[in-house]
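First residue of the first sequence? That's 49 in the numbering used here, and the numbers climb one at a time after it.
Glycine included, C-beta positions come from ideal geometry on N, C-alpha and C.
All remarks here apply to the structure that follows.
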Amino acid sequence: MAVDSTSPIAASLLRWYDRHARDLPWRILPGRNITPDPYRVWMSEIMLQQTTVATVRERFAQFVSRWPTVVDLAAAADSDVLAAWAGLGYYARARNLLACARAVVERHGGIFPQDEDALRALPGIGPYTAAAIAAFAYGHRAVIVDGNVERVVSRLRAIDTPLPAAKANIYDAMDAMTPAHRAGDFAQAMMDLASAVCAPKRTNCLICPLQDDCAARRAGDPLRFPLKAARKQRPVRHGEVWWVERDGAVLLVRRPDKGMLGGMRGLPGSGWIDGAGSDVADVTHVFTHFELRLKIVAMSPAEAARRGIDGAYWPLEQLDAAGLPTLYTKVTDKMGATKA
DNA sequence: AACACGTGGCG
DNA sequence: TCGCCAAGTGT
49 MAVDSTSPIA ASLLRWYDRH ARDLPWRILP GRNITPDPYR VWMSEIMLQQ TTVATVRERF
109 AQFVSRWPTV VDLAAAADSD VLAAWAGLGY YARARNLLAC ARAVVERHGG IFPQDEDALR
169 ALPGIGPYTA AAIAAFAYGH RAVIVDGNVE RVVSRLRAID TPLPAAKANI YDAMDAMTPA
229 HRAGDFAQAM MDLASAVCAP KRTNCLICPL QDDCAARRAG DPLRFPLKAA RKQRPVRHGE
289 VWWVERDGAV LLVRRPDKGM LGGMRGLPGS GWIDGAGSDV ADVTHVFTHF ELRLKIVAMS
349 PAEAARRGID GAYWPLEQLD AAGLPTLYTK VTDKMGATKA
């Protein structure tokens, strides 16, 4: 006789999910006996890393429309994929996206592997994404822990250890809750709950399907969880961008593959130096770990050539297609180079 | 383990 | 306004 291994929490949450699941382009709604395309699952998971659903929706549609299969993407030009990624941030994801697509084609015959270890061996796929693909696309049981799960579980169990030290505890708690069947739905249910009911700075415990199971609610202060280690303050760096214009075109360079905005097109400029710089910045941009203040300096084509800047002139009217990171679109906007 | 790595939105 | 925050991974 089969044993029902579904925990009470999983049962409650899956019941809620059957009525409240978000309809997302990379997802198959519960109740249908089919599974989503692994390529679409993978694409969405890479895009969703540290990025909001609202932002991803649009880009996801563009990418899968332009490159419908992993074989198509593997054959794409690097510069096209990086330009299409422009504005999404964390550009290593775009470089790894291409490397992963090519690895899937070359090593796995164009089919994403089902095994978590094999998935993790692919570029850009870590523990979370491997578990997500195994469960969402292939229906396997996997323990899926992302930022949403960390928040919900830390509240459910009132985990008093700050992140990231609490990750092992949270993983074990999630493992204990994850059902043998519908493990993927269970995790996605937790994500939808985290978005609609159990948000970072707002909770609606009165409508929560897990309200009777929640230790944080019993303690009267759900927003106290998850505890987090204090973060360091953000240093300020300064530098110059060089505006080199000729015949209605502006000089663009390709940034080094490693480091900030790696592999992306950009404007030429100085390095970005810590500490004191000119107080007057034309453009300020806040990155995760530092704030950048840039001064825009006009430079003649002759001077740029004398300095040996390795770049190409790009027509100002087509700057949209260059795929510039947001830092540089701030500069081009400032220069009135794009028609609002 | 801790830090590098983007960006836009929200309270 | 501004710090916090979002479906993490690589080193």
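Sub-9 Å separation of residue i and residue j beta-carbons
{"i": "L271", "j": "G359", "result": "no"}
{"i": "G195", "j": "G232", "result": "no"}
{"i": "R63", "j": "P257", "result": "yes"}
{"i": "D269", "j": "H68", "result": "no"}
{"i": "P86", "j": "I76", "result": "no"}
{"i": "A30", "j": "V118", "result": "The question about residue 30 has no answer, for the chain in this structure spans 49 to 388."}
{"i": "L342", "j": "L372", "result": "no"}
{"i": "A237", "j": "L61", "result": "yes"}
{"i": "L211", "j": "A277", "result": "yes"}
{"i": "G172", "j": "L145", "result": "yes"}
{"i": "A242", "j": "V200", "result": "yes"}
{"i": "G135", "j": "T377", "result": "yes"}
{"i": "L275", "j": "I218", "result": "no"}
{"i": "M308", "j": "S55", "result": "no"}
Delimiting residues of the alpha helix (DSSP H) encompassing residue i
{"i": "I344", "result": "From DSSP, I344 is part of no alpha helix (DSSP H) but of the beta strand (DSSP E) over E339 to A346."}
{"i": "G359", "result": "Where G359 is concerned, there is no enclosing alpha helix (DSSP H), although the beta strand (DSSP E) it sits in stretches over G359 to P363."}
{"i": "V200", "result": "G195 to L204"}
{"i": "S127", "result": "D126 to W133"}
{"i": "W90", "result": "P86 to L96"}
{"i": "L375", "result": "T374 to K382"}
{"i": "V112", "result": "V101 to R114"}
{"i": "V119", "result": "V118 to A122"}
{"i": "Y65", "result": "P56 to H68"}
{"i": "A13", "result": "Residue coverage of the chain in this structure runs from 49 to 388, which leaves residue 13 outside it and unanswerable."}
Inter-residue CB distance, residue i and residue j (contact presumed, cutoff 8 Å)
{"i": "Q162", "j": "A182", "result": "6 Å"}
{"i": "H337", "j": "R282", "result": "7 Å"}
{"i": "L315", "j": "V289", "result": "5 Å"}
Host beta strand (DSSP E) of residue i (start-end)
{"i": "R285", "result": "V284 to W291"}
{"i": "L300", "result": "A297 to R302"}
{"i": "T332", "result": "V331 to V334"}
Pairwise C-alpha distance: residue j and residue i
{"i": "A353", "j": "M347", "result": "10 Å"}
{"i": "K215", "j": "V245", "result": "22 Å"}
{"i": "A59", "j": "Q98", "result": "29 Å"}
{"i": "F160", "j": "A125", "result": "21 Å"}
{"i": "G287", "j": "V345", "result": "10 Å"}
{"i": "G384", "j": "A142", "result": "29 Å"}
{"i": "I57", "j": "M95", "result": "29 Å"}
{"i": "D261", "j": "G137", "result": "37 Å"}
{"i": "G311", "j": "R303", "result": "5 Å"}
{"i": "A185", "j": "A178", "result": "10 Å"}
{"i": "A102", "j": "A350", "result": "44 Å"}
{"i": "V51", "j": "A169", "result": "A caution first: V51 carries a pLDDT of 45, below 50, which makes its placement in the model too unreliable to give a value."}
{"i": "R279", "j": "A297", "result": "42 Å"}
{"i": "A370", "j": "S92", "result": "24 Å"}
{"i": "A140", "j": "E339", "result": "20 Å"}
{"i": "R107", "j": "D128", "result": "14 Å"}
{"i": "V301", "j": "I357", "result": "8 Å"}
{"i": "T380", "j": "G319", "result": "19 Å"}
Tell me the start and end of each unbroken alpha helix (DSSP H) in the stretch 203 to 239 that is at least 4 residues and wholly inside, in chain order.
215 to 225
What ranges does the alpha helix (DSSP H) occupy inside the stretch 143 to 199, keeping only unbroken runs of at least 4 residues that lie completely in it?
164 to 168 and 175 to 184
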